[in-house]
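Keeping their order, the protein sequence lines are chains A and B. Numbering-wise, the first sequence is residues 2 to 345 according to the numbering used here. Numbering-wise, the second sequence is residues 2 to 345 according to the numbering used here. Cβ atoms here follow ideal geometry from the backbone N, Cα and C, with glycine treated the same way. So the structure is just underneath, and the comments pick up after that.
2 protein chains.
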Amino acid sequence: MSKSKRVTIYDIADELGMSASYVSRALNNHPLVRQEIRNRVKKKALQLNYKYNSHAANLRQGSSKTIGVVVPHIDQSFFSGVIAGIEEICFQHNYGLVICQSHESFKQECLAVETLIHQNVACILISVSAETQSYAHLESIKQHNIDLIQFDRCIDKLDSYKVLNDNKETSFNVVNALVEEGYKRIAFLGGPEHLNAFKDRKEGYLKAIKHAGLSIPYNFIVDNVLSKDKAAQIATELLSLKDPPDAFLTVSDHQSLGVLEIANSLGIQVPQQLGIFGFANEAFAEIIQPSLSSVDQKSKEIGERTANLYFKNILNRKDNTPASSRKEIIKCEIIIRKSSRKVK
Amino acid sequence: MSKSKRVTIYDIADELGMSASYVSRALNNHPLVRQEIRNRVKKKALQLNYKYNSHAANLRQGSSKTIGVVVPHIDQSFFSGVIAGIEEICFQHNYGLVICQSHESFKQECLAVETLIHQNVACILISVSAETQSYAHLESIKQHNIDLIQFDRCIDKLDSYKVLNDNKETSFNVVNALVEEGYKRIAFLGGPEHLNAFKDRKEGYLKAIKHAGLSIPYNFIVDNVLSKDKAAQIATELLSLKDPPDAFLTVSDHQSLGVLEIANSLGIQVPQQLGIFGFANEAFAEIIQPSLSSVDQKSKEIGERTANLYFKNILNRKDNTPASSRKEIIKCEIIIRKSSRKVK
DNA sequence: ATTTTTTTGGAAACCGATTTCAAAAAATCT
DNA sequence: AGATTTTTTGAAATCGGTTTCCAAAAAAAT
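Okay, here's the thing in structure tokens:
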């Protein structure tokens, strides 16, 4: 009795002297089966330690109650926050969750998508890798009758629901806040421009600069310096100019940290002489001295909204939403801390 | 031609005028099929946009190339690190990964385990919830021929592979390091004692105290104060004693942060008057001022080792390792920063 | 008492890949 | 050439729920 075979509905059927089809219906609360029988069957199932076999059901039904997620890295706080949100919603709907990392590699992203197609997931939620420029692999998802939702990092040209932060507006508002504090020479440290989130943050910045009528030297605007070290290097250069910036807006908190460290080492007072504003509201932002102003991207909410989009707008509904309105914008929260608060 | 049916091996077989069974073998590089035919079949598969159906294969084979993971929270840095490690190894072996959160709830943990059994995963990797005391649900996993590996938070009595940090030794060594720095009145802020990780850290602390021959007032040792706020509260009490502690060892960096903030507000110099040592090496540990000494738990390595245990020791092997040696210990790395370095 | 409707239940096909078993084809050996 | 071995190839069963279609039984209506 060691290699016990799996208990199936046939075993239950035998024990109760009925047919497997009836057992199936009973277990699924089918209206054609009386409550009394449902109870009897369920009791027996429990007694025999029966476990439903998803694969069998999925094979027959052609779809699985599973959602696939592809992110660049699970262990980045933004993405793990999103995933936590997705998981919660899926759990509520009794859906499973399969998670893949692309490691920012286009090739691995394609592989992940393949795997999810094989698994016959109902829907794929994806935030594309930094390398991803083409999207045949995403088109292929739809060809296989699998729904697709993009979040955070989206391919614009691809027709799908998209869940995004209001990066441009937020960036615009942040600059306005800096201007109100009295900062005038605001530098910008950006990320790779082909990712919409970073592009939008830059656009918002530029718009606000224009709106405020400030004149910013061209070399105050630097793209593609996403790491702390690169940011520190640029900060060193800019802060040793004759007319240095009096504030930095960066697209990540790590960049801001780099700037802050350089300011400290150069004896520049933050926020009095230099304002610093980050993005992402990492755990350390409120902890460091001076505390770092930043932008909360509401990662968990992004996850929840993304997953809900599937359950509310796509599932059980012919989705004829016009392409134009297939965007959900999650408002960021601007958190002003000490690093950008010059006036009391 | 809208609701196109899924392309199967039968379609490929038809097109090539051979049987489905042969196609299956060709796609799987079965030795009985010539390379030439394999190529031809694969080419046609690509051409028809054929996608393998995992469910069909899983149903037939009775096992899926999928691993299930259950953790309390995905978005805690330790666990997201572990998961990143697991994912990497699974990806290498072309295994899928299904991730569930227990949210520290016993009930949700049971549900998650159920789901994974339904999915017929090959193996479940689990770090139990804080609520989990009984383990019938974990026994049930084994009854269903699914392998089980515990990591970090383990039920000792349950027979399974276990992957753990050397919490006790590390804690012992940390206290020794504090003693060497000249700290003598070392307080301990612990976590819930029914979780082995926290229990072990306390034991290591006690052992080191004994070993160093220090006498510590009983009220310097406080259990179950895992949050920053609780730790801050206790620190306030202890630091206002006539003979306060001159160092704190805590079981998390958040606790240490609480202690640090209180020390700052009381005007107590860290590390000169008070040494602080955390656990987990959160991102903020090296960033705050003074930088926080902490313990790197090597979360990613835990994930890798846990997953590898399945692929190397369990899969394709009658696992007759004696229960005693079914433990993998991952050595922590002690990172001494400013908060505990009194002497230069 | 007969017909119609409703309820209750089961037989069998189905989903798609795998695998066993055996037959057909090719190659090798008398 | 015929017999034997080896290599290719395929038919059919299988995994376990789901679902369609149909039949029998019970209840209601005529």
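Of the residues B:Lys301, B:Leu316, B:Lys343, which one's Cα is nearest the Cα of Glu334 of chain B? To locate residue 334 of chain B, count along the second sequence from 1; it is residue 333. Closest by C-alpha distance to Glu334 of chain B, out of B:Lys301, B:Leu316, B:Lys343, is B:Lys301.
For His119 of chain B, go through chain A and note every residue whose CB falls closer than 8 angstroms to its CB, in chain order. Counting from 1 along the second sequence, the entry for residue 119 of chain B is found at position 118. For His119 of chain B, the C-beta contacts it makes with chain A under 8 angstroms involve Lys52, Tyr53, Asn54, Ser55, in order along the chain.
Can a CB atom of chain A be found closer than 9 angstroms to the CB of Glu105 of chain B?
Locating residue 105 of chain B in the second sequence gives position 104, counting from the first residue. For Glu105 of chain B, the answer is no, since every Cβ of chain A falls outside 9 angstroms of its Cβ.
(Q) Can you tell me which residues form a DSSP beta bridge with Cys333 of chain A? (A) The count along the first sequence starts at 1 and reaches residue 333 of chain A at position 332. In the DSSP output, where bridge partners are listed per residue, Cys333 of chain A has none listed.
Practice prompt. Establish whether the CB of Leu139 of chain A and some CB of chain B are separated by less than 9 angstroms.
Written response: Indexing the first sequence from 1 puts residue 139 of chain A at position 138. For Leu139 of chain A, the closest Cβ of chain B is not nearer than 9 angstroms.
message: Can you tell me whether Ala281 of chain B is helix, strand or coil according to DSSP?
response: Taking the second sequence and counting its residues from 1, one reaches residue 281 of chain B at position 280. In the structure shown, Ala281 of chain B sits in coil (DSSP, three-state: anything other than H, G, I, E or B).
Practice problem: Could you please give me the residues that DSSP links to Gly97 of chain B through a beta bridge? | Solution: Mapped onto the second sequence, residue 97 of chain B falls at position 96. DSSP output for Gly97 of chain B lists B:Thr67 as bridge partner(s).
Practice task
Measure from the C-beta of Phe92 of chain A to each C-beta in chain B and report whether the shortest distance is under 9 angstroms.
Solution key: Sequence index remark: in the first sequence, residue 92 of chain A carries index 91 (1-based). Phe92 of chain A counts as touching chain B.
* To do: Could you name each continuous beta strand (DSSP E) segment of 3 residues or more that falls completely within the stretch 177–216 of chain A, going from the start of the chain to the end?
  => You should have 187–190.
Sub-9 angstroms separation of Glu182 of chain B and Ser341 of chain B beta-carbons:
Walking along the second sequence from the start, residue 182 of chain B turns up at place 181. Walking along the second sequence from the start, residue 341 of chain B turns up at place 340. A contact, by the Cβ cut-off of 9 angstroms.
ask   = Counting contacts by CB-CB distance shorter than 9 angstroms, is Cys124 of chain A in contact with chain B?
value = By one-based count along the first sequence, residue 124 of chain A stands at place 123. Answer no: the Cβ-Cβ gap between Cys124 of chain A and chain B never drops below 9 angstroms.
Please report how far the alpha carbon of Ser55 of chain B lies from the alpha carbon of Leu190 of chain B, in whole angstroms. In the second sequence, the residue the question calls residue 55 of chain B occupies position 54. In the second sequence, the residue the question calls residue 190 of chain B occupies position 189. When rounded, the distance between both Cα atoms is 49 angstroms.
Between Lys203 of chain A and the rest of its own chain, which residues show a CB-CB distance below 6 angstroms, the 5 nearest in sequence each way excluded? Here residue 203 of chain A is taken as the residue at index 202 of the first sequence, counted from 1. The residues are Gly191.
*asked:* Looking at chain B, is there any beta carbon in it that lies within less than 9 angstroms of the beta carbon of Lys301 of chain A?
replied: For the purposes of this step, residue 301 of chain A is taken as residue 300 along the first sequence, with counting starting at 1. It does; some Cβ of chain B falls within 9 angstroms.
Alpha carbon to alpha carbon, how far is Val223 of chain B from Gln144 of chain A? Give it in angstroms, no decimals. Within the first sequence, numbered from 1, the residue matching residue 144 of chain A stands at position 143. Within the second sequence, numbered from 1, the residue matching residue 223 of chain B stands at position 222. Answer to the nearest angstrom: the Cα atoms are 59 angstroms apart.
- Query: Which class does Ala27 of chain B belong to by DSSP, given the choice of helix, strand or coil?
  - Reply: The residue you call residue 27 of chain B lines up with position 26 of the second sequence. It is helical.
Limits of the unbroken alpha helix (DSSP H) element including Asp230 of chain A
Mapped onto the first sequence, residue 230 of chain A falls at position 229. Note, Asp230 of chain A: alpha helix (DSSP H), 229–240.
Taking 9 angstroms as the threshold (beta carbon to beta carbon), is Lys339 of chain B in contact with chain A? Numbered from its first residue, the second sequence carries residue 339 of chain B at position 338. Not closer than 9 angstroms to any Cβ of chain A, the Cβ of Lys339 of chain B fails to qualify, so no.
>> Just checking: is the beta-carbon of Gln109 of chain A within a distance shorter than 9 angstroms of some beta-carbon in chain B?
In response: Stepping through the first sequence from its first residue, residue 109 of chain A is reached at position 108. Closer than 9 angstroms to some Cβ of chain B, the Cβ of Gln109 of chain A qualifies, so yes.
Practice prompt. Check Ile10 of chain A in the structure and name its three-state DSSP category.
Written response: As a working note, residue 10 of chain A is residue 9 in the first sequence. In the three-state reduction of the DSSP assignment, Ile10 of chain A falls in the helix class.
*Quick one: residues in its chain with C-beta nearer than 8 angstroms to the C-beta of Lys4 of chain A, no 5 flanking neighbours on either side, listed in chain order?*
Taking the first sequence and counting its residues from 1, the one referred to as residue 4 of chain A is at position 3. For Lys4 of chain A, the predicted structure reports a pLDDT of 49, less than 50, and the residue's modelled location is therefore unreliable. A value from the coordinates is still provided. Correct list: empty, nothing qualifies.
- Task: Determine whether the Cβ of Asp76 of chain B lies closer than 9 angstroms to any Cβ atom of chain A.
- Result: To locate residue 76 of chain B, count along the second sequence from 1; it is residue 75. So yes, Asp76 of chain B belongs to the interface.
* Asked: Which bits of chain B does Asn59 of chain A rub up against, with CB to CB less than 7 angstroms?
  -> For the purposes of this step, residue 59 of chain A is identified with residue 58 of the first sequence, where counting begins at 1. By Cβ distance, chain B contributes His56.
Note to self: So, under 8 angstroms CB-CB, Ser65 of chain A and Ala123 of chain A are touching, yes? Tell me the CB distance rounded to an integer number of Å.
What the structure shows: Walking along the first sequence from the start, residue 65 of chain A turns up at place 64. Walking along the first sequence from the start, residue 123 of chain A turns up at place 122. That pair is a contact at about 6 angstroms.
The stretch 251–267 of chain B contacting the stretch 308–316 of chain B, beta-carbon criterion three pairs below 8 angstroms = No, the stretch 251–267 of chain B is not in contact with the stretch 308–316 of chain B.
**CB of Gly63 of chain A within 9 angstroms of CB of Asn121 of chain A, strictly** = Position 62 of the first sequence holds residue 63 of chain A. Position 120 of the first sequence holds residue 121 of chain A. Yes, they are a contact pair.
Exercise for the section: Could you have a look at Tyr162 of chain B and say whether DSSP puts it in helix, strand or coil? Expected result: Residue 162 of chain B sits at position 161 when you count from the first residue of the second sequence. Looking at Tyr162 of chain B - three-state DSSP - the assignment turns out to be strand.
Mapping DSSP to helix, strand and coil, what is Met2 of chain B?
As a first step, residue 2 of chain B is located in the second sequence; it is residue number 1 there, counting from the start. Below a pLDDT of 50, predicted positions are generally treated as unreliable, and Met2 of chain B, at 34, falls in that range; no measurement from the model is reported.
Grab the span of the beta strand (DSSP E) containing Thr251 of chain A for me, first residue to last. As a working mapping, residue 251 of chain A is identified with position 250 in the first sequence. Residues 248–251.
*asked:* Does any residue of chain A have a CB that is nearer than 9 angstroms to the CB of Ile84 of chain B?
replied: Locating residue 84 of chain B in the second sequence gives position 83, where the first residue counts as 1. Answer yes: the Cβ-Cβ gap between Ile84 of chain B and chain A drops below 9 angstroms somewhere.
Run through chain B and tell me which residues come within less than 8 angstroms of Ile288 of chain A, C-beta to C-beta.
Along the first sequence, one-based indexing puts residue 288 of chain A at 287. Within 8 angstroms Cβ-Cβ: Leu258, Phe285, Ile288, Ile289.
Residues of the stretch 187–212 of chain B in Cβ contact with chain A at a cutoff of 8 angstroms, in chain order, please. none
(request) Could you work out which residues of chain A lie near Val99 of chain B, taking near to mean beta carbons separated by less than 9 angstroms? (result) Along the second sequence, read from residue 1 onward, the residue named residue 99 of chain B stands at position 98. Thr67, Gly97, Leu98, Val99, Ile100, listed in chain order.
Check your understanding: Given that a residue counts as buried once 16 or more other Cβ atoms are within 10 Å of its Cβ, and exposed if not, what is Met2 of chain B?
Key -> The sequence position of residue 2 of chain B within the second sequence is 1, counting from 1. Residue placement at Met2 of chain B cannot be trusted, given a pLDDT of 34 that sits under 50; the coordinates are not used to answer.
Rounded separation between Val344 of chain B and Ile337 of chain B - CA only: As a first step, residue 344 of chain B is located in the second sequence; it is residue number 343 there, counting from the start. As a first step, residue 337 of chain B is located in the second sequence; it is residue number 336 there, counting from the start. Going by the C-alpha atoms only, they are around 12 angstroms apart.
query: Considering only C-alpha positions, which residue in the set B:Ser25, B:Gln93, B:Pro73, B:Ala85 is nearest to Cys111 of chain B?
result: Within the second sequence, residue 111 of chain B is the residue found at index 110, counting from 1. Nearest option by C-alpha distance: B:Pro73.
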